[in-house]
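Just so you know, the sequences run in chain order A and B.
Taking full-length UniProt numbering, the leading residue of the first sequence gets 1, the next gets one more, and so forth.
Taking full-length UniProt numbering, the leading residue of the second sequence gets 1, the next gets one more, and so forth.
Idealized CB from N, CA, C, for every residue including glycine.
Note that the structure is a prediction, hence the values are computed from the model and not measured.
Protein chains: 2
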Amino acid sequence: MRRQEDRALQARIGHDFADASLLQQALTHRSFGTPHNERLEFLGDSVLSLALSNLLYERFPQLSEGELSRVRSNLVNQQALAELAIGLKLGQVLRLGEGEVKSGGRERPSILADALEALFGAVYLDGGLAPALAWIARLYQPVLVSLNPQTLGKDPKTLLQEWLQGQRLPLPVYRVLQAQGASHAQSFAVECEIAVLGITVPGSGNSRRLAEQEAAKAALQQAQQRQANKKAS
Amino acid sequence: MRRQEDRALQARIGHDFADASLLQQALTHRSFGTPHNERLEFLGDSVLSLALSNLLYERFPQLSEGELSRVRSNLVNQQALAELAIGLKLGQVLRLGEGEVKSGGRERPSILADALEALFGAVYLDGGLAPALAWIARLYQPVLVSLNPQTLGKDPKTLLQEWLQGQRLPLPVYRVLQAQGASHAQSFAVECEIAVLGITVPGSGNSRRLAEQEAAKAALQQAQQRQANKKAS
Numbered sequence: 001m002r003r004q005e006d007r008a009l010q011a012r013i014g015h016d017f018a019d020a021s022l023l024q025q026a027l028t029h030r031s032f033g034t035p036h037n038e039r040l041e042f043l044g045d046s047v048l049s050l051a052l053s054n055l056l057y058e059r060f061p062q063l064s065e066g067e068l069s070r071v072r073s074n075l076v077n078q079q080a081l082a083e084l085a086i087g088l089k090l091g092q093v094l095r096l097g098e099g100e101v102k103s104g105g106r107e108r109p110s111i112l113a114d115a116l117e118a119l120f121g122a123v124y125l126d127g128g129l130a131p132a133l134a135w136i137a138r139l140y141q142p143v144l145v146s147l148n149p150q151t152l153g154k155d156p157k158t159l160l161q162e163w164l165q166g167q168r169l170p171l172p173v174y175r176v177l178q179a180q181g182a183s184h185a186q187s188f189a190v191e192c193e194i195a196v197l198g199i200t201v202p203g204s205g206n207s208r209r210l211a212e213q214e215a216a217k218a219a220l221q222q223a224q225q226r227q228a229n230k231k232a233s
Numbered sequence: 001m002r003r004q005e006d007r008a009l010q011a012r013i014g015h016d017f018a019d020a021s022l023l024q025q026a027l028t029h030r031s032f033g034t035p036h037n038e039r040l041e042f043l044g045d046s047v048l049s050l051a052l053s054n055l056l057y058e059r060f061p062q063l064s065e066g067e068l069s070r071v072r073s074n075l076v077n078q079q080a081l082a083e084l085a086i087g088l089k090l091g092q093v094l095r096l097g098e099g100e101v102k103s104g105g106r107e108r109p110s111i112l113a114d115a116l117e118a119l120f121g122a123v124y125l126d127g128g129l130a131p132a133l134a135w136i137a138r139l140y141q142p143v144l145v146s147l148n149p150q151t152l153g154k155d156p157k158t159l160l161q162e163w164l165q166g167q168r169l170p171l172p173v174y175r176v177l178q179a180q181g182a183s184h185a186q187s188f189a190v191e192c193e194i195a196v197l198g199i200t201v202p203g204s205g206n207s208r209r210l211a212e213q214e215a216a217k218a219a220l221q222q223a224q225q226r227q228a229n230k231k232a233s
């Protein structure tokens, strides 16, 4: 049974392990025993980072270093990794301690994300960078395709301004409605108004900037939605 | 002249660039013009991380993931990179804007560290991971050799405790002398006493733990110094 599952996983990864013990180790959570997958995760984290850096560098020649870094960090967060792990049905083949299994460890995002990183490390150790890069490129293909280089890394206020300019409309007005709290724990309530469209939306956050970004994001959604409705009617 | 310098640098790196424009770009600071080295730095940062992860993973099979991460981050900080860049005489071949040159840009740690990372990226793009890994292994060889796997990643309190146990001495006593400030900005003053050696040293920090670590570090230094003196006399 174990063998069959492992073979199916290797098919999904697209790499046949020369050293099957590396695959086993990558799938072993520390609650199960040693050798577990934490050291492989350390390695795999760097493998993933280089693979994505390489993919993003080539795919987005116009993005700056700062924009590339922001995109990369969005792709490697725990939630993103856990979703990919679920797509690979990784939870079902993990070796977990009994307690972890009972408390839902097979669905826990941190365990899934760590195991996926460990698998990146294991593929790298077993076959070098090429198979790891090929697999990661395939895994992230749907995500990379849907990334929009026009909006990547731009904040909502900039996006709203650019969209309005594209429509030859006047710029939005931001107003602070409320600011309270001492300097280390402030909270701001603002609104963003696009008078010509009759749109006024609120936003809040720990800084004026964050509150305005939130309002701008909602305002842009409303404006675009309204335009789509107008076209449809 | 430029050619000669570049050839000398390539000899120090141990890689002949097939695409010389990559080498030029890596050596070009944004103050000089475009294409500059910032996107290569983005890539090179990941190349360095994977190379060091690989080296540390193999060299220290007994270190945990957390310890490996701590060691790696010590090796990739700006100061460490700038020192390596100075060893490569990188500052002399950088292409900087006039203003940067006048204000000492060739010696600025951030510029040197960034350019070195960009060079890692350029070697990777030009020749793949193998030459980058080989070069980074050579660059970090002196540092890696001097790393002590016995003490790596261990905090001062643990090191002090282990040292005392090795000497068959009783454990140290920590005392909080002062704690002040609200929860977000506390400061602690503590002392660490090794009564049997007549050593009492202070420590301070934003948390009790940090204050104790500082005191433990100083106490261990005193204890070891005293022992060395005793042996010498």
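Check: Classify residue 284 of chain A as helix, strand or coil using the three-state DSSP reduction.; Outcome: Outside the shown range of chain A, which is 1 to 233, sits residue 284 of chain A, and nothing can be said about it.
Check: Spatial neighbours of residue 211 of chain A within its chain, please: C-beta separation below 6 angstroms, excluding the five flanking residues on both sides.; Outcome: 188, 190, 203, 204 and 205
Check: Would DSSP call residue 1 of chain B helix, strand or coil?; Outcome: Annotation note: pLDDT 48 at residue 1 of chain B (below 50); position unreliable, coordinate value reported separately. DSSP places residue 1 of chain B in coil when its eight states are reduced to three.
Check: Exposed or buried, what is residue 15 of chain B when buried is set at 16 or more other beta-carbons lying within 10 Å of its beta-carbon?; Outcome: buried
Check: Using CA atoms only, rank isn't needed, just tell me which of A:216, A:12 and A:147 is closest to residue 136 of chain A.; Outcome: A:12
Check: Check this for me: beta carbons of residue 96 of chain B and residue 42 of chain B, under 8 angstroms apart or not?; Outcome: no
Check: Cα-Cα, which of A:39, A:110 and A:75 is closest to residue 53 of chain A?; Outcome: A:75
Check: Compare the Cα-Cα distances from residue 259 of chain A to each of A:227, A:201 and A:229 and report the closest residue.; Outcome: What is shown of chain A runs 1 to 233, which leaves residue 259 of chain A out entirely.
Check: I believe residue 27 of chain B touches residue 115 of chain B by the beta-carbon criterion, under 8 angstroms. Please report the beta-carbon distance rounded to the nearest angstrom.; Outcome: 6 angstroms
Check: How many angstroms separate the CA atom of residue 222 of chain A from the CA atom of residue 180 of chain A?; Outcome: 28 angstroms
Check: Beta carbons nearer than 8 angstroms to chain A: which residues of the segment 27 to 48 of chain B have them?; Outcome: 38, 39, 41, 42, 43, 45, 46 and 47
Check: Of all the CB atoms in chain D, is at least one closer than 8 angstroms to the CB of residue 65 of chain A?; Outcome: This model lacks chain D altogether, as its protein chains are A and B.
Check: Give the list of continuous alpha helix (DSSP H) stretches no shorter than 4 residues that lie fully inside the UniProt domain "DRBM" (155 to 225) of chain A.; Outcome: 156 to 166
Check: Have a look at the DSSP bridge pairing and note the partners of residue 28 of chain A.; Outcome: A:95
Check: For residue 57 of chain B, return the contacting residues in chain A, with the cut-off set at a CB-CB distance below 9 angstroms.; Outcome: 39, 40, 42, 43, 121 and 125
Check: Are the C-beta of residue 50 of chain B and some C-beta of chain A separated by less than 8 angstroms?; Outcome: yes
Check: Would residue 206 of chain B pass as an interface residue toward chain A - the criterion being a Cβ-Cβ separation below 8 angstroms?; Outcome: no
Check: Can you say whether residue 171 of chain B is buried or exposed, counting buried as having 16 or more other CB atoms within 10 angstroms of its CB?; Outcome: exposed
Check: Please check if any C-beta of chain A sits within less than 8 angstroms of the C-beta of residue 54 of chain B.; Outcome: yes
Check: Under 8 angstroms by Cβ, that's how I've got residue 113 of chain A and residue 81 of chain A pegged, so tell me the actual separation to the nearest angstrom.; Outcome: 4 angstroms
Check: My assumption, with CB atoms under 8 angstroms, is that residue 64 of chain A sits in contact with residue 49 of chain B. Please give the rounded CB distance.; Outcome: Not confirmed; about 20 angstroms, so no contact.
Check: I want to see whether chain A comes within less than 8 angstroms of residue 11 of chain B, judged by CB atoms only; does it?; Outcome: no
Check: Note down the Cα distance separating residue 224 of chain A from residue 165 of chain A, rounded to an integer number of angstroms.; Outcome: 13 angstroms
Check: When you compare only the Cα positions, how much space is there between residue 34 of chain A and residue 127 of chain B?; Outcome: 37 angstroms
Check: Rounded to a whole number of angstroms, what is the C-alpha to C-alpha distance between residue 47 of chain A and residue 121 of chain A?; Outcome: 6 angstroms
Check: Measuring alpha carbon to alpha carbon, tell me which residue in A:107, A:45, A:88 and A:233 is nearest residue 68 of chain B.; Outcome: A:45
Check: In whole angstroms, what is the alpha-carbon distance linking residue 71 of chain B and residue 174 of chain A?; Outcome: 46 angstroms
Check: Compare the C-beta of residue 110 of chain A against all C-beta atoms of chain B and say whether one is closer than 8 angstroms.; Outcome: no
Check: So if I threshold CB-CB distances at 7 angstroms, which residues from the segment 67 to 78 of chain A count as touching chain B?; Outcome: 68 and 69
Check: On a CA-only basis, which of B:36, B:178, B:169 and B:79 is nearest residue 118 of chain B? Give me that one, please.; Outcome: B:36
Check: Between B:198, B:232 and B:233, which has its C-alpha nearest residue 219 of chain B's C-alpha?; Outcome: B:198
Check: Identify each residue in the segment 127 to 152 of chain B for which the Cβ-Cβ distance to at least one residue of chain A is less than 7 angstroms, and report them in chain order.; Outcome: 129
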